[in-house]
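Its first residue numbered 1, the sequence shown is counted upward by one per residue in full-length UniProt numbering. C-beta atoms are modelled at their ideal positions from N, C-alpha and C, and glycine is treated no differently. Below: one structure, written as C-alpha cells.
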Amino acid sequence: MIETADTEIPSSEPKASEMERLEDMAREEIRKDQTLVPRRRVFLIFRVGDFDQVRDFCAMAKEIEPHLDFIDFALKVHFKNENAAYVRHCIRKRMEASSMVVVFVGKTTQDCEWVNWEIREGLKMKKNMIAVKLSDEPSLRVPKVLREHRIKPLPCSRDEIRRVIRENAEKLMRF
1 MIETADTEIP
11 SSEPKASEME
21 RLEDMAREEI
31 RKDQTLVPRR
41 RVFLIFRVGD
51 FDQVRDFCAM
61 AKEIEPHLDF
71 IDFALKVHFK
81 NENAAYVRHC
91 IRKRMEASSM
101 VVVFVGKTTQ
111 DCEWVNWEIR
121 EGLKMKKNMI
131 AVKLSDEPSL
141 RVPKVLREHR
151 IKPLPCSRDE
161 IRRVIRENAE
171 KLMRF
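The structure is reproduced here in C-alpha cells:
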C-alpha cells in the first residue's frame with residue numbers, strides 16, 4: 001500500500017483571482033490596440049545592384065514615418081528562368097498586399113525586364129506609384145513604361161521624401 005501526504009503540491013497554474021486579474025489586463029491591452037496606427041505597406045521596385053541606396057532610402061523614410069513596412073523582392077533570377085512564372089505569382093501577391101509602389105531609378109533600371117514588368121503590374125493593379133531617382137546624374141535614364149505613364153522621378157532628398165509620404169498618407173492607409 002502506498003501512502004500519500006496531505007501536503008499540497010504547488011501548481012504552476014494561476015489561481016482564479018490571478019486569472020481574473022490577467023484577463024482584465026488583457027482586455028485593457030486590447031482596448032488600447034484599437035487606437036494604434038496601422039502599418040502601411042510599400043512595395044519596392046529596384047535593381048539588385050542599387051540595394052544599398054534603397055536600404056538608405058528606407059531607413060530615412062522610416063525615420064519620417066515609422067509605420068511604413070517596405071516589401072522588396074530583390075531578384076537575382078533571370079526574367080526568362082524556368083521559375084519566373086512562380087516568381088511573378090509571388091510578386092503579384094506581395095504587390096496586391098501593398099498600398100503604394102515606389103520605383104527606384106538607378107543607372108541600369110531602364111534595362112531590367114523585371115523592373116519593367118513590376119511597374120506594369122503595379123499600374124494594372126492601379127497602385128499609387130511614385131518613382132525616386134537614386135542620383136542626380138544627367139545620364140540617368142528613366143524606364144520607358146514610367147515615361148509612357150507620365151510618372152516623373154522625384155529627387156531622393158529628405159524633404160521630398162517627407163512631402164511625398166505626408167501627401168500620400170491617406171492613400172497608404174487603405175491596407
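Whole-number beta carbon distance between residue j and residue i, since they are thought to touch under 8 Å
| i | j | result |
| --- | --- | --- |
| Glu118 | Ile91 | 6 Å |
| Val42 | Val102 | 6 Å |
| Val105 | Ile130 | Not confirmed; about 11 Å, so no contact. |
| Asp72 | Leu44 | 4 Å |
| Met125 | Glu96 | 6 Å |
Three-state secondary structure assigned by DSSP to residue i
| i | result |
| --- | --- |
| Asn116 | helix |
| Asp136 | coil |
| Met125 | coil |
| Arg40 | strand |
| Phe46 | coil |
| Ala131 | strand |
| Ile71 | strand |
| Val145 | helix |
| Glu65 | coil |
Beta-carbon proximity list for residue i, same chain, < 8 Å, skipping 5 on both sides
| i | result |
| --- | --- |
| Val162 | Residue identity differs from the one stated: residue 162 is Arg in this sequence, not Val. Closer than 8 Å at the Cβ level, and outside the excluded window around Arg162, lie Ile64. |
| Asp136 | Pro155 |
Neighbourhood of residue i by C-beta distance below 7 Å, restricted to the same chain and skipping five residues each side
| i | result |
| --- | --- |
| Glu160 | Leu154 |
| Thr108 | Arg47 and Gly49 |
| Arg166 | none |
Residue(s) in a DSSP beta bridge with residue i
| i | result |
| --- | --- |
| Leu154 | Val132 |
Spatial neighbours of residue i in its chain, beta-carbon cut-off 6 Å, leaving aside the 5 residues before and after
| i | result |
| --- | --- |
| Arg81 | Sequence check: residue 81 is Asn here, not Arg. Correct list: empty, nothing qualifies. |
Please list the segments of the beta strand (DSSP E) lying wholly inside the region 77 to 111, counting only runs of 3 or more residues, in order along the chain.
The beta strand (DSSP E) runs of length 3 or more contained entirely in the region 77 to 111 are, from start to end of the chain, 100 to 105.
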